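Please read the structure below before turning to the comments.
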Ligand SMILES: Cc1ncc(COP(=O)(O)O)c(C=O)c1O
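In my numbering, the protein residues as written are 53 to 458.
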């Protein structure tokens, strides 16, 4: 009899409980199992691309245009930044973690004169101070990360949208780890560029950026003194070469369309299947499911005597960032969970890498089917590293949250 049993033997891959890419539904995987189609063929446009983009409007809660771009979340951030920002434009960027810092860097490269509004990681945003800063700087745009994936904290995008509107600024929002997992109201909150990626709560494979564009954002692009430095990611190109006049574009009715950048056909088919799943579930149910799932996970972690990294009041429903017990390296816990129990969670990023874990509850994984095994694996892995908690205490606490919601 071996001294320890490896429960991951025979598993061909770990279950993805990292905060994206996340697990995929069978129909999403199957949608990619097809021979190539031609991206510029009208039939791809009519049967796959256009219906997917129209359906995404419901997910984004907007009436305006939504586009796909080959790439990822940061492609959409870069497309947004380079499309509306010209050298010397003032932008206020809220930096509450790694992904706020990422957009600061993208905006600096786009030539913006950036004013950073720093928020301590995991702590709430002081809206009064942000409003005063916006008043002082009078920026062309304010940028916020709705759900800061590096710290597991969600920020009040609706209130920041009001501040932006109050000073006549565009409101740029990174919803990479938010959209389709927590409520994001593009039109109601005045989001001018809603920028995200495919591989998180949308439940689609990695490989697409997704951007929703408001009328105000189009106007800013039209008013540019110089063309955007990027061709492929200049969103205005979509207006010029793809959108018909009836939707604000330049194409006469019936004129042939062309995509400014070749859109990956397989990934678009997968996105269409993913959006079908979201719409069949319905947004209110989907948001409630993510909320209950994250609450159950947090209750389980608490019962295992683990401390959340962010303030509880702003803890995210799609990514949970939790401290490892004193003296236990998060990287070792991740390796043990993966190699002994077949479940992959993430470490924190940068300075939080050794002291925190990040667990995604996104799309399919916002469910007891994924959360209970994760808590079990975490408890057993921590036990191997010397942190003992009452066996099953985390599971019981999570289960009672699921039971209350059932
Ligand atoms: C909030 C946020 N913004 C931007 C990004 C970058 O997205 P991508 O890795 O898809 O380029 C991520 C990735 O995790 C993210 O969580």
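All C-beta atoms in this analysis are idealised placements derived from N, C-alpha and C, irrespective of residue type, glycine included.
Quick caveat, the model's predicted, so the values are computed rather than measured.
Where residue 86 sits in the DSSP three-state scheme: coil
Near residue 428, which residues of its chain fall below 7 Å by C-beta distance, leaving aside the five closest residues on each side in sequence? 447
Which listed residue (70, 114, 278, 456) has its alpha carbon closest to that of residue 265: Residue 265 has its Cα closest to that of 114, out of 70, 114, 278, 456.
Residue 154 in three-state terms, based on DSSP: helix
Only counting runs of 4 or more residues, tell me where the alpha helix (DSSP H) segments fall wholly within the segment 401-447, in order along the chain. 420-436
Got a sec? Which residues, its chain only, sit under 7 Å from residue 345 by beta carbon, not counting five neighbours each side? Counting only Cβ-Cβ distances below 7 Å, and skipping sequence neighbours, we find 413, 418, 419, 423.
At a cut-off of 6 Å, is residue 201 close to ligand 1 when judged by its beta-carbon and the heavy atoms of the ligand? Under cutoff, so the answer is yes.
Under the DSSP definition of a beta bridge, which residues are partnered with residue 360? 374
Is it the case that the Cβ atoms of residue 398 and residue 410 are separated by a distance below 7 Å? Contact check for residue 398 against residue 410 passes: the beta carbons are separated by less than 7 Å.
Looking at residue 162: is its Cβ nearer than 7 Å to the Cβ of residue 194? no
Buried versus exposed, by CB contacts within 10 Å (16 or more), residue 379: When all chains shown are included, residue 379 counts as exposed.
Same chain, Cβ closer than 7 Å to residue 88, neighbours up to 5 away in sequence not counted: 317
Helix, strand or coil: which one does DSSP assign to residue 322? helix
Sub-7 Å separation of residue 445 and residue 80 beta-carbons: no
Taking Cβ positions, are residue 60 and residue 407 nearer each other than 7 Å? Judged by their CB atoms, residue 60 and residue 407 are not nearer to each other than the 7 Å cut-off.
I'd like to know whether the C-beta of residue 372 is nearer than 7 Å to at least one C-beta of chain B. The chain inventory of the structure shown lacks chain B, comprising one protein chain alone.
Please look up how many angstroms separate the CB atoms of residue 307 and residue 298, rounded, as I've assumed it's under 8 Å. Not a contact, Cβ separation roughly 11 Å.
From the DSSP output, in three-state form, read off residue 118 for me. strand
Taking 7 Å as the threshold (C-beta atoms), are residue 120 and residue 315 in contact? yes
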